[in-house]
Amino acid sequence: MTRMTGARFIAETIDGYGIKHVFFVTNIAARALMEMEKLGIKRIQTHGEKAAAYMADAYARVKRGPGLCMAQSVGAVNLAAGLQDAYLACSPVIALTGRVFQSNQQRHAYQEVDHVNPFSAVTKYSALVTNPDQLPIYLRQAFRSSTSGTPGPVHLDLEGHAGQAVVDQEADAEVIVEETFIQIPPFRPEAETEKVTAALQLLIRAKRPVIVAGGGVTASGAKAELLALAEKLSIPVATSLNAKAMFPADHPLAVGVPGLYSRACANQVLCEADLVFFVGSHTGGQVTYEYQIPPRGTPIIQLDINPEELGRNYPIQVGMHGDVRNSLRRMLVQAETVPARTEWTGRVQELVRRWKESVRDLANSEVEPMRPERLCKELTDYLPSDVILVSDTGHAGIWTGTMIDLQHPDQSYIRCAGSLGWALPAAMGAKCAQPDRPVLCFTGDGGIWYHLSELDTALNNGINTVTLVNNNHSLNQEKHGMERVYGGQSPGSDKLWLFPDTHFADVAESMGCFGITVNKPSELSGALDQAFASGKPAVVDVKTHIDGIAPRAWVPG
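Residue numbers (UniProt numbering): 1 to 557.
Written out as structure tokens, the structure reads:
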């Protein structure tokens, strides 16, 4: 045991677990921040608590290990709001907050609000820490809980509005780093042999099987195993947005992304399948088009690290509890190579070909302002071979998920799990996790407005991401819905989705960042070259057509 402050214990512990960046809004745990500086941990002070949570989320996803964010008592609820995305994305984020002293609770103390309910909704584990003696127990448990099973955010509420009752006081403590919990997954249980045998029997007998790969494939690092199993059993593969980078886009068995943000061909394939194998997927509303695709009654096999997910949304023929990578390896060992299902794979390839043909004219359009489909085609051709593509939600998620193909095995894709505006700060967190890789944020003008101030954070900390703005000066995803509701009765309805035509390149330049405007397709690659070479946080403001609205997802009937 060593006598040390809570601040020193926190700093040594997170350093031992490999966390090299902390994202926060002052004033929280000042002494701990000082101790972190001594250990070389970079302290990224943001302009908002939600942005800090988003940075920690993307940092954790890219690093495949815990990220850390912090806020003082009055900012804690803002931080909890930011953890929603980490919770939805199963991202191992640790949140530390200050709280009003217990003796002043329920007395209308300055800046006192309840922390229990906001954090209980968006964390796997939340605990109150009243003194430094409790830190060894609670902080190690935070790392265990955030990484184990289905990963997710955890929260420690430190006594004192800035955590001073825990951080500033001394205790006898031993820093113990449990290396098992430095990365996800900490444990790799293998699906039971009899379950694997039963699943393989169904897959081999099926005439039209499909694999749907989810975020568990990404978390487990099972890209190679997924490809090998698909080829060995001749099964087409659809991927959720969370697994977009986990299967080669140009592979003859590749189907694309199904569900709400989808290619029509992917939904069509799932509706024609006679067996669907969900691999590391929660079978949630987005990937299944609100539980309609695949249709009810389709035979289902499911593999997940969390047994509670097995059969949650679809009755299953076989449920396998296990780590995705190790369980797929077990399946590969047990499986015999299946002759090519030429009739079924030919049908799948025809559906994919038809979809590509249906978007070809828009993807090659020369119209100005640029069509988003053309923008995505240009990005597919341009993206660096090791890029991390970070996508916002809404139209950004649809365009990147359906219209951009990742053509190199070392390209990565992470996307917003729910909150528009996530992508800009998230790209910064991704860059902190892997500073040697190019990071491209894809957002719209509606998305960039949320956290535009974080360009200043990026500049102050040398976080040189490139933010591409699909700028149609609107939330045009809402256009048709608003027009349908108002039916031309009120000319003021346009104000609900139209924005002024802001020149974000000029805004970036005024903040000391690099900015450049793109008006036509031929300008894009040169602009991106300049942005990546600028040595600064960069904004590429692409003027796009306001009528570039994604089609509704295909559903049967």
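C-beta: ideal position from N, C-alpha, C; glycine also.
Of Gly259, Asp456, Lys543, Leu275, the smallest CA-CA separation from Gln317 is found for Leu275. The beta carbon of Val269 lies closer than 7 Å to those of Val210, Pro236, Ala238, Val255, Val348, Leu351 in the same chain, with the five residues before and after it left out. Residue pairing by DSSP places Tyr125 opposite Val154 in a beta bridge.
When DSSP assignments are scanned along the stretch 37-98, the uninterrupted stretches of alpha helix (DSSP H) that are 4 or more residues long and fall wholly within it turn out to be 49-63, 76-88. Contact between Val469 and Val539 holds, with the beta-carbon distance rounding to 6 Å and staying under 8 Å. The alpha-carbon separation between Asp405 and Arg43 amounts to approximately 35 Å. Looking only at Gly285, Thr150, Glu272, Gly40, the smallest Cα-Cα distance to Gly65 is reached by Thr150.
Of the residues Ala11, Pro372, Ala427, the one whose Cα lies closest to the Cα of Glu174 is Ala11. If you draw a straight line from the Cα of Pro299 to the Cα of Phe187, it comes to about 29 Å.
Separation of Lys232 and Pro339 (C-alpha to C-alpha, rounded to the nearest whole angstrom) is 9 Å. Taking the Cα positions, Gln183 is about 8 Å away from Lys63. Residue range 412-415 is occupied by the beta strand (DSSP E) that includes Tyr413.
The three-state secondary structure of Pro209, taken from DSSP, is strand. According to the DSSP assignment, Glu170 belongs to the beta strand (DSSP E) that extends over 170-173. Shown here for Asn117: not one same chain residue has a beta carbon closer than 8 Å to its own, the five before and five after excluded. By DSSP's assignment, Cys441 forms a beta bridge with Val390, Thr467. The three-state secondary structure of Val116, taken from DSSP, is helix.
Asp436 carries a coil assignment under DSSP once its states are collapsed to helix, strand and coil.
Shown here for Val167: same chain residues with a beta carbon closer than 6 Å to its own, the five before and five after excluded, namely Gly6, Ala7, Ala29, Arg31, Ala32 in chain order. Secondary structure note for Gly256: its beta strand (DSSP E) is the uninterrupted segment 254-256.
Ala531 has its alpha-carbon roughly 14 Å from the corresponding atom of Leu379.
Ala243 is the residue among Thr197, Ala243, Leu498 whose C-alpha sits nearest the C-alpha of Leu389.
The continuous alpha helix (DSSP H) containing Thr345 extends over residues 342-363.
Its chain contains Asn519, Lys520 as the residues whose beta carbon lies nearer than 7 Å to that of Glu368, once the 5 sequence neighbours on both sides are disregarded; these appear in chain order. Residue environment analysis places Arg107 among the exposed positions, since fewer than 16 neighbouring C-beta atoms fall within 10 angstroms of its C-beta.
Here the stretch 317-330 makes contact with the stretch 210-228; the two share three or more CB pairs at distances below 8 Å. Under the 10 Å beta carbon count, Ala533 is surrounded by fewer than 16 other beta carbons and is classified as exposed. The alpha carbon of Phe101 has as its nearest neighbour, out of Asn460, Gln111, Gly481, the alpha carbon of Gln111. As DSSP reads the structure, Ile516 sits in a beta bridge with Val540. The Cβ-Cβ distance between Phe119 and Ala76 falls below 9 Å. CA-CA distance, Leu303 to Met4, rounds to 45 Å.
Within the DSSP bridge table, the entry for Thr2 names Ala173 as partners.
If you draw a straight line from the Cα of Ser525 to the Cα of Ser385, it comes to about 14 Å. In the DSSP assignment, Leu379 falls within the alpha helix (DSSP H) that extends over 372-382. Judged by DSSP secondary structure, Leu303 falls within the beta strand (DSSP E) whose first and last residues are 300-304. According to the DSSP assignment, Val269 belongs to no beta strand (DSSP E) but to the alpha helix (DSSP H) extending over 264-272.
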